[in-house]
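For the record, the sequence lines run as chains A and B. If you read the first sequence in this note's numbering, its first letter stands for residue 46, the second for the next number, and so on. If you read the second sequence in this note's numbering, its first letter stands for residue 163, the second for the next number, and so on. The C-beta atom is built at its ideal place from N, Cα and C for all residues, glycine as well. Quick caveat, the model's predicted, so the values are computed rather than measured. Here is the structure we will look at, set down as structure tokens.
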Amino acid sequence: MSTILQVQGMQKYYGSRGVVTKAVDNISFSVEEGEYVGIMGVSGSGKTTLLNCISTIDTVTAGTIRIKGKDVTALKGKELERFRREELGFIFQDFNLLDTLTAYENIALALTILGEKPDEIHRKVLEVATKLNISSILSKFPYQMSGGEKQRTASARAIITNPSLILADEPTGALDSKSARMLLETIGMLNEQMKATILMVTHDAFTASYAKRILFIKDGRIFNEILRGEDTRKEFFGRIIDVVTLLGGDANVVM
Amino acid sequence: MAGSSMLSRCSGVMQMSLCKLSFQNVRKSIKDYTVYFLTLMLGVCLFYLFNALDSQALVQGMSEIQQDIVQMMVEMMAVISVFISVVLGCLILYANRYLVKRRKKEFGIYMLLGMPKRKISGVLALETSFIGLFSLAVGLALGVFLSQGLSIVVSQLFKIQYSEFQVVFSPQALVKTILYFAVIFLVVMVFNVRTISKCKLIDLIQAERKNEQVKTRRLWVCVILFLLSLGVLGTAYAMIIKNGLQTLDGSFTLSIVLGIVGTILFFMSLSGFLLRVVKSNRKLYLKNLNMFVLRQINSKVNTAFLSISIVCVLLFFAITITSTAIGFNSAMNADVEQSTPYSATFGYTQSERVDGDMRQELIDAGIDMDAIFEATEQYSYRETGVTLGGLMGNLCPQKSEDHIVNGISVERYNALMRLQGKPEISLADGEYAVISLFAYLNDGLDEILQNGRTVEIGGQELRPGKQQILNTALETAMGTNNTVVLILPQTLAESLPVADSFLCGQYRAGDTDAFDDMLAAEPFVSPANGASIGVTLANEIYWTQTGTRVAFLFVLLYIGVVFMIVAAAALALQQLSEASDNVGRYALLSKLGVDRKMINRSIFSQVAIYFLIPMALAIVHSCVGIYVVLQMLNAFGEPNSFLHILTAGGIILAIYLVYFFATYAGCKSTVRQQRTA
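Structure below.
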């Protein structure tokens with residue numbers, strides 16, 4: 046297996062002169078192909094900054110981020126936008142489907158902006174729709190779909206470009222527990238059946254328990270790392286809670 | 163006591179903060195709603211401009227005839243202005259609705275913070291007054307500035323010499339403009355207050371989230387509606403072309419109504435129809451953001467077809483009115499030169515009197531002919547017994563068949579030409595020549611001259627002696643007395659009975675205005691034989707026609723330009739407000755990796771399509787409209803109006819393009835601002 050993402054000594058500072066906030070303070074880790082990695086931490090721990098830097102929306106202060114061996118911190122302007130289009134897939138908090146487009150068009154959009162051949166687009170949309178079991182709702186508009194259908198459509202859009210890395214930022218943040226579970230199952234399916242590499246950021250232990258490996262971040266540094274291994278999701282959830290308690294306990298001691 | 167003073171202080175603070183809040187909101191709005199302000203200002207400016215025609219500085223240098231004409235124009239403008247103010251009022255209400263809609267969330271927050279509805283209405287009313295005062299002030303300033311330019315145009319049209327530069331300013335127009343717009347803003351204010359008081363807090367807070375539900379019509383419904391609309395439009399075109407503008411009766415109204423219905427049906431079905439067509443072509447459909455642009459338009463056109471139809475009809479009127487105003491102007495200009503070959507033409511006012519020594523009779527009536535006129539000539543029309551139908555046969559237009567064709571002797575004709583300083587003709591016995599002032603007869607007359615058609619007059623067979631039609635008017639007259647006149651050999655002409663007589667004269671050099679005044683007291687009655695003689699003066703015709711022409715031109719330009727502005731502004735406002743609705747969609751596209759260039763291109767296509775579609779149909783409508791108007795103008799003479807129509811079209815398109823690019827820039831910056839925020 047090859048390394049998809051390699052973060053090396055990454056730092057991100059905000060502010061200037063005397064008042065410097067170290068949002069990300071010297072983080073290094075890597076993600077292999079086909080992995081499903083969760084990044085956990087409380088608000089302000091730097092996890093969203095980390096994800097923004099990886100997704101090329103934000104720039105780093107120091108260090109390198111390599112995706113498929115390419116240093117994205119060195120990319121600029123158009124190159125950057127093209128890289129984002131071609132190598133990254135996104136799953137957003139609240140589906141983020143375009144309300145004026147049908148499911149088919151929402152999924153196809155990801156390919157049309159890459160300039161793919163029309164016939165190829167059509168074939169790929171139908172293929173991914175079959176895999177995600179949304180073939181029957183392709184002509185529906187978002188307001189005509191159920192929450193689960195919207196999630197699967199959004200997931201289909203994220204996977205159809207065959208991105209090297211799918212990034213999910215608090216994907217369940219705005220969902221009720223039932224919808225959240227459905228979305229997480231879909232993401233799990235993308236990972237297991239379609240071999241997608243996924244990096245998910247969350248503060249929620251339940252959400253995180255769907256990942257295969259979890260990095261805990263605190264005050265901009267990696268605090269801990271646990272692997273799911275052969276555990277069931279419930280057992281894994283228990284272990285996550287343990288770490289979270291540890292994180293919290295530490296905070297209490299400081300206070 | 164202390165409590166009440168506290169309360170009043172409190173409310174004082176509240177008043178101040180309300181004022182401050184409204185002022186800040188307006189300052190914010192100025193940046194956001196350039197198009198709104200632009201339109202208000204232009205409206206005020208035009209309103210002032212066209213109502214300030216009677217400004218003192220201008221009227222001073224005018225003769226009495228000219229002043230009368232200006233007075234007539236001012237009265238016409240007053241009537242038109244009422245209509246214009248209603249149109250502008252509607253536009254302002256429409257624009258205002260968007261302003262309020264866009265800020266619903268802001269009002270919701272005020273309400274949530276506990277501000278009573280009454281206060282919010284107050285803020286809005288204050289804002290409206292700020293906006294009103296601001297646009298009124300700037301618009302009036304612009305109007306006063308531009309009226310300097312317009313006054314130069316008017317003075318040139320009326321040939322007034324400016325002795326010195328004077329600032330042209332009309333207090334009446336100023337008061338009128340302020341009054342009319344005050345009423346409009348008052349209506350807007352009432353409307354705003356009502357909107358707010360009817361609003362529910364939940365709707366205001368969730369205003370952003372409420373999306374129009376995308377209604378899609380079935381394909382066959384779209385196709386049938388589309389074909390139906392084409393049919394209705396075709397019928398309307400055919401009716402108006404067939405009937406023309408000669409009679410403004412039921413069929414004219416019907417064709418206008420059909421045109422409007424057809425237009426609405428067209429836009430109702432167009433987007434659905436277009437979507438299906440493009441969708442069936444996968445290469446076009448699945449390319450870049452085409453799909454997105456198409457859906458954007460489709461989602462709105464379904465609900466916005468009515469406003470697009472209105473814009474289309476307005477554009478049609480704007481183009482047709484402006485083009486024909488300029489075309490008409492040139493047509494009538496040619497006419498006035500033609501119909502005033504002499505300073506004055508005298509004729510009998512009693513229909514039974516057809517002949518006599520008119521010069522002597524006028525001298526008897528106390529007119530000093532020698533002092534006034536350099537030279538005079540009297541001539542008579544002779545009864546030929548021929549009608550236009552008899553002369554032209556089947557080449558004669560049906561409506562003109564019964565027109566009587568009079569004759570004139572070649573000797574008299576040449577005498578008149580000498581008086582006019584124009585070339586004489588020679589005509590042998592047994593020959594005739596044709597004078598025609600009506601362009602629409604020329605093709606037919608040309609043909610009979612080429613064919614050598616003979617005509618029998620006074621028992622004598624005549625053949626054409628000249629191949630060309632002559633087109634010189636024989637008298638100074640309002641309009642043309644005779645459609646077609648035959649020039650006959652002298653002996654033949656003198657043997658025919660006299661139909662009517664005229665005396666034509668050219669003034670001596672000198673104070674022609676004084677001569678006009680000396681001849682003003684018509685009719686002149688000869689004490690010797692009781693003959694009553696009337697006079698038509700060249701200056702009178704000239705100024706009446708120039709006045710009518712200028713008044714006509716101004717009224718039409720006024721209406722045309724206002725319609726244009728209304729249409730363009732309505733489109734622009736709609737697009738701008740839509741751009742802010744679309745901010746979220748563009749933000750998402752950007753997250754998906756769509757670059758700025760592609761997003762800009764998509765915005766451009768959307769705005770362009772919105773501006774193009776109504777314009778395209780309006781141009782088709784206008785082609786028919788202008789064609790029909792040209793047909794009518796042809797009866798007046800031969801206007802070489804094509805160039806003028808192109809000029810007018812160019813002006814209209816220029817205004818439209820300015821609005822288009824302003825809108826595109828506005829939409830782009832709205833999307834960009836929100837994206838970086």
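Are the beta-carbon atoms belonging to residue i and residue j less than 8 Å from one another?
i	j	result
V197 (chain B)	A734 (chain B)	yes
V567 (chain B)	M238 (chain B)	no
I158 (chain A)	V756 (chain B)	yes
I814 (chain B)	I472 (chain B)	no
I346 (chain B)	I254 (chain B)	yes
V724 (chain B)	I402 (chain B)	no
I112 (chain A)	E77 (chain A)	no
V596 (chain B)	L607 (chain B)	yes
A427 (chain B)	V394 (chain B)	For the record, residue 427 (chain B) in the displayed sequence is Leu; it is not Ala. In contact: L427 (chain B) and V394 (chain B) (Cβ atoms closer than 8 Å).
V289 (chain A)	A225 (chain A)	no
A741 (chain B)	T832 (chain B)	yes
Please list, in chain order, all residues of the same chain as residue i whose beta carbon is under 6 Å from its beta carbon, the five residues on each side excluded.
i	result
Y821 (chain B)	A730, A734
I211 (chain A)	G134, A203, A241, I243
S767 (chain B)	V455
A487 (chain B)	L715, L718, L719
R273 (chain A)	K257, F281
Can you list, in chain order, the residues of its chain with a C-beta nearer than 7 Å to that of residue i? Leave out the 5 residues immediately preceding and following it.
i	result
F686 (chain B)	L524, A527, I529, I695
Q652 (chain B)	S571, V572, E573
L456 (chain B)	L437, V440
L446 (chain B)	V440, N452
So what does DSSP say about residue i, is it helix, strand or coil?
i	result
M190 (chain A)	coil
S542 (chain B)	strand
I529 (chain B)	coil
T482 (chain B)	helix
R444 (chain B)	helix
T157 (chain A)	helix
P208 (chain A)	coil
C666 (chain B)	strand
V596 (chain B)	strand
N568 (chain B)	strand
T277 (chain A)	coil
Q522 (chain B)	helix
M277 (chain B)	coil
Q622 (chain B)	strand
S184 (chain B)	helix
M794 (chain B)	helix
D164 (chain A)	helix
At the level of alpha carbons, what is the spacing between residue i and residue j?
i	j	result
D679 (chain B)	A639 (chain B)	18 Å
K362 (chain B)	G193 (chain A)	32 Å
R259 (chain B)	K267 (chain B)	14 Å
A174 (chain A)	G160 (chain A)	20 Å
R197 (chain A)	T231 (chain A)	7 Å
T257 (chain A)	G83 (chain A)	The amino acid at residue 257 (chain A) is misidentified as Thr; the sequence shows Lys. So the two alpha carbons sit approximately 8 Å from each other.
V516 (chain B)	A671 (chain B)	31 Å
V329 (chain B)	F307 (chain B)	9 Å
Q53 (chain A)	G108 (chain A)	6 Å
Q106 (chain B)	E563 (chain B)	Not covered by the structure: residue 106 (chain B). The range shown for chain B is 163 to 839.
L169 (chain B)	S179 (chain B)	Note that L169 (chain B) scores 40 on pLDDT, short of 50, meaning its location in the model is unreliable and no value can be drawn from it.
A201 (chain A)	L177 (chain A)	7 Å
State the start and end residues of the unbroken beta strand (DSSP E) segment that holds residue i.
i	result
K185 (chain A)	No beta strand (DSSP E) holds K185 (chain A); DSSP gives it neither H nor E.
D70 (chain A)	66 to 77
Q53 (chain A)	48 to 59
E270 (chain A)	266 to 272
V647 (chain B)	646 to 650
First and last residue of the alpha helix (DSSP H) that includes residue i?
i	result
R226 (chain A)	222 to 237
L750 (chain B)	700 to 753
N213 (chain B)	196 to 213
V604 (chain B)	First, the amino acid is wrong: residue 604 (chain B) is Asn here, not Val. Its alpha helix (DSSP H) spans residues 601 to 612.
F677 (chain B)	674 to 680
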